[in-house]
Amino acid sequence: MPYHPHKRTATGYAVAVGLLLVFGDAAAQMAAAPPTSPSTLKKLSLEELMDLEVTSVSRRPEKLLNAASAIQVVTNEDIRRSGASSIPEALRLASNLQVAQASAAGWKIGARGFNASVGNKLLALIDGRSVYTPLLSGVIWNTQDYLLEDIERIEVISGPGGTLWGANAVNGVISITTKNAGDTQGLYLEAGAGSELRSFTGIRYGGTLAPNVHYRVYGKYFDRDGAAFTNGHEAADSWDRTQAGFRIDAETSPRQRLTLQGDLYTGDTHTPSDDRGRAAGGNILGRWTRAFADDTEITLQIYYDRTHLAVPFPSSGSIPAGVLKDDLDTFDFDLQHGFRWGGRHHFVWGLGYRFTHDKVENAPTVAFTPGTLDQNLFSGFVQDEILLRKTLSLSLGTKLEHFAYTGFEAEPGARLQWNLTGEQMVWGAVSRAVRTPARYDRDQSLPNPLYGVLLGPNTTFHSETVVAYELGWRGQLGPKVSGSLSAFYNVYDDLRGLDITPVTFLPLIFQNTLEAETYGAELSAHFQASGWWRLHLGYNLLREHVRIKPGRVDLFNALNETADPGHQLSLRSSLDLTHGLELDAALRWVDTLHNNDGPAAGRVPGYAELDVRLGWRPLA
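Residue numbers (the working numbering): 11 to 630.
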């Protein structure tokens, strides 16, 4: 039965109209400190926006104009004016992503294809903390939340990032950066209610502990109604979530910074059988940064993260229903050092260590063996940006990682950047990235009353690989138009397929039986029609060709890996009206999706969506 979270009619079209809650916006203006630079991005010209500082491409600060990658930046002002109420909704503002809602709490987010139910080829970080789970080798987005007012920017890279960020940055990297505590001083309140987002509230207070030492504490809660199918039937999958946290930033000297931050959260999802799923956890992160006079900087980051998941599963034949529980503890250490050498070289290198302790309490219908698993990950990377000429530079680097499942993995890359003028740049890249096995691939089994075990574990499953070729342009075309264009061709090997056990046929196993090529293009353009009207256009083209490797078998799993639209178009308009009024509209069109419905191919019709927001900022 088709599903859509916005209760669309059978035509697949919907209009979602949102009014900005004046109370929340006005309260934000009552903060003790004046607005800081992240809060005033709306006042920047297109030239100034191209000069925005990004860090995820080279793991060091650089201008967006000079970033040799298919990167887009979602600013705090973009998020506020979109009316987004969650991180996945905010990610729809990055037109190089494919963001699909699968249930009231479930999201599929990917770039350049292979957007499976839990996208396993996209790396996501929040303030440098990886939010990937080794159980599924992806991100469970309903466990990630924040007070959106306190997000400074979101950097979204489409294309491999394994050379600097490591495994699972196969098709892209999402890096979410929250504001410095010094930029969130005073009191902020928000609250509201509606038909889908039944109620929400958030509060944050920031203050000063000592000279150059600032803090903030926050809390938020929401209750979302369940979704509906296109035939009008309720999905009965409502969910609610509570989260609280803190951040402390200290500038102990002009060249030394310390950050300590943490979060706690818990949330419940409902099912038609009245069972409840739960996602709960917490994290704490510390970061020390020291800059030196010779353009050298050292960063040391340590964090601990704990997640608890409880997922109800229905009965299967004579096997009763049950709940799968997963408790994951992660300890992560990361050291990074950047320096210049000889006038033409800019080196960045680093070392990392991650320890995970995963404990699974199996359900009758889904099991993971062993129930408890400890894993160690050791990593190191190096990159040298070489200035060949004043306008031409070459970046060479690699990351080397050692995984418990697969041993050593190398992810080299090369990027060439040519600054045509002070306002235009072209770049090209060749890189290799890997997607390491998850417990889902190697340790999972599905008991079945007729066959004993329908799906069994397979310890020979190894890493998926991609070699990617990219070409791009970014620049300013006069004072009113700026944008970027990128094209890519990716070659994948050893992709996950569903194979049979030799001789006995059952149980089925996940095996590296597929290979693929994908190619496409991405366009992003900004148009400043006037001082009070700005437009943004985004378009993605994607083609995927997946094949079974010679002599291998795949039982209808290929379509599960490639439920992606061939075309995706977005258009956003932001108008500043008189007396503090704002009018924003966002039109999004997504092409037909083809996915898997058991042994048969399924089809999700293309759809268009229009969001309209009217806001009033009387104190702006």
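For glycine and all other residues, C-beta sits at the position ideal for the given N, C-alpha and C.
Quantities reported herein were computed from a predicted structural model and do not represent experimental measurements.
Look at the alpha carbon of residue i and the alpha carbon of residue j, and state the distance between them as a whole number of angstroms.
i, j, result
"V25", "A595", "Here V25 scores only 30 on pLDDT, less than 50, and its place in the model should not be relied on; the value that follows carries that caveat. Approximately 11 angstroms, taken between the alpha carbons."
"G485", "V436", "9 angstroms"
"P560", "V128", "28 angstroms"
"G120", "Q108", "5 angstroms"
"G438", "E525", "24 angstroms"
"G217", "G272", "17 angstroms"
"G423", "V227", "40 angstroms"
"L31", "I519", "With a pLDDT of only 32 at L31, under the threshold of 50, the placement of this residue in the model should not be trusted, and no figure is reported."
"L547", "H536", "7 angstroms"
"L465", "L569", "18 angstroms"
"Q385", "F413", "8 angstroms"
"G212", "T276", "15 angstroms"
"L133", "T269", "23 angstroms"
"D621", "E480", "33 angstroms"
"A36", "Y225", "In this prediction, A36 scores a pLDDT of 33, lower than 50, which makes its location untrustworthy; no coordinate-derived value is stated."
"Q393", "G360", "9 angstroms"
"P322", "D235", "19 angstroms"
"R627", "L426", "45 angstroms"
"F295", "R139", "Here residue 295 turns out to be Leu, not Phe, going by the sequence shown. So the alpha carbons of these two residues sit roughly 8 angstroms apart."
"S113", "F349", "47 angstroms"
"K490", "E63", "20 angstroms"
"S55", "E571", "41 angstroms"
"A237", "I150", "18 angstroms"
"H604", "F302", "53 angstroms"
"Q154", "P447", "22 angstroms"
"Q148", "E419", "The sequence given here has Gly at residue 148, not Gln. Rounded to the nearest angstrom, the two C-alpha atoms are 18 angstroms apart."
"A573", "W117", "13 angstroms"
"Y98", "G353", "The amino acid at residue 98 is misidentified as Tyr; the sequence shows Pro. Taking the straight line from one Cα to the other gives about 42 angstroms."
"Q253", "W175", "28 angstroms"
Would you mind giving the Cβ-Cβ distance between residue i and residue j, rounded to the nearest angstrom? I have them listed as a contact below 8 angstroms.
i, j, result
"G287", "R316", "Not confirmed; about 17 angstroms, so no contact."
"N125", "N178", "With 8 angstroms as the limit, N125 and N178 do not qualify as a contact, their Cβ atoms being about 14 angstroms apart."
"I161", "I258", "That belief does not hold up - the Cβ atoms of I161 and I258 are roughly 18 angstroms apart, past 8 angstroms."
"T523", "D503", "Rounded, the Cβ-Cβ distance is 11 angstroms, inconsistent with contact."
"L476", "V180", "Just to set this straight, residue 476 is Val in the shown sequence, not Leu. That pair is a contact at about 5 angstroms."
List the endpoints of the continuous alpha helix (DSSP H) containing residue i.
i, result
"R627", "Run containing R627: none; DSSP gives neither H nor E here."
"E433", "Careful: E433 lies outside any alpha helix (DSSP H) and carries neither H nor E."
"E57", "56 to 60"
"W151", "Unbroken run through W151: none, as it is neither H nor E."
"P98", "97 to 101"
"D250", "Premise fails: D250 lies in the beta strand (DSSP E), 249 to 263, not in any alpha helix (DSSP H)."
"E244", "Here E244 belongs to no alpha helix (DSSP H), and DSSP marks it neither H nor E."
"I89", "86 to 92"
"E571", "568 to 571"
How far does the beta strand (DSSP E) with residue i in it extend, from its first residue to its last?
i, result
"A201", "196 to 203"
"N468", "Here N468 belongs to no beta strand (DSSP E), and DSSP marks it neither H nor E."
"Y228", "223 to 234"
"S540", "515 to 540"
"R655", "An answer regarding residue 655 cannot be provided, because it is not within the stretch 11 to 630 covered by the chain."
"N190", "Looking at the DSSP string, N190 is not in any beta strand (DSSP E), and its letter there is neither H nor E."
"D368", "355 to 371"
Please determine, among the options, the residue with the shortest C-alpha to C-alpha distance to residue i.
i, options, result
"D61", "L75, P517, R69", "L75"
"A191", "T340, V223, L547", "V223"
"I136", "T188, N125, A112", "T188"
"E72", "H472, Q266, E165", "E165"
"E206", "W543, Q385, F232", "F232"
"A612", "S209, A448, N567, A134", "Note on identity: in this sequence residue 612 is Gly, with Ala being the wrong assignment. Per the Cα distances, N567."
"D305", "H355, R208, L404, G204", "H355"
"R265", "A254, K118, T299", "T299"
"E58", "I558, R69, T85, S68", "T85"
"A618", "D339, A110, V64, L56", "A110"
"H555", "G123, L101, S209", "G123"
"H472", "R506, N458, R442", "R506"
"G432", "A112, G327, Q154, L487", "L487"
"E532", "Q521, S494, D574", "S494"
"V444", "G462, L410, T469", "L410"
"L591", "W543, G381, L338, Q154", "W543"
"A100", "R163, S68, S263, G255", "R163"
"T634", "A448, S185, Y415, G229", "Here the chain comprises residues numbered 11 to 630, so residue 634 is not present and cannot be evaluated."
With a threshold of 7 angstroms (Cβ to nearest heavy atom), would residue i be considered close to the ligand FAD?
i, result
"G438", "Of ligands this structure carries none, so the ligand FAD is not represented either."
Can you find at least 3 beta carbon pairs, one from the region 139 to 155 and one from the region 236 to 246, that sit closer than 8 angstroms?
Judged by Cβ distances under 8 angstroms, the region 139 to 155 makes no contact with the region 236 to 246, as fewer than three pairs qualify.
Quick one: any contact between the region 77 to 87 and the region 161 to 181, if contact means 3 or more CB pairs under 8 angstroms?
By the criterion of at least three beta-carbon pairs nearer than 8 angstroms, the region 77 to 87 is in contact with the region 161 to 181.
Is the region 191 to 200 in contact with the region 579 to 595, if contact means three or more CB pairs nearer than 8 angstroms?
The region 191 to 200 makes no contact with the region 579 to 595, as fewer than three CB pairs between them are under 8 angstroms.
Check whether the region 358 to 378 and the region 399 to 406 are in contact - that is, three or more C-beta pairs closer than 8 angstroms.
In short, these stretches do not touch, since the Cβ pair count stays below three.
Would you check if there are 3 or more beta carbon pairs closer than 8 angstroms linking the region 82 to 94 to the region 371 to 390?
No, because fewer than three Cβ pairs between the region 82 to 94 and the region 371 to 390 fall closer than 8 angstroms, the two stretches do not touch.
Taking contact to mean at least 3 C-beta pairs separated by less than 8 angstroms, is the region 530 to 544 in contact with the region 582 to 594?
Because the criterion of three Cβ pairs below 8 angstroms is met, the region 530 to 544 and the region 582 to 594 touch.
Measuring CB atoms only, is the region 307 to 314 touching the region 340 to 352, in the sense that at least three cross pairs come out at less than 8 angstroms?
Segments in contact, yes.
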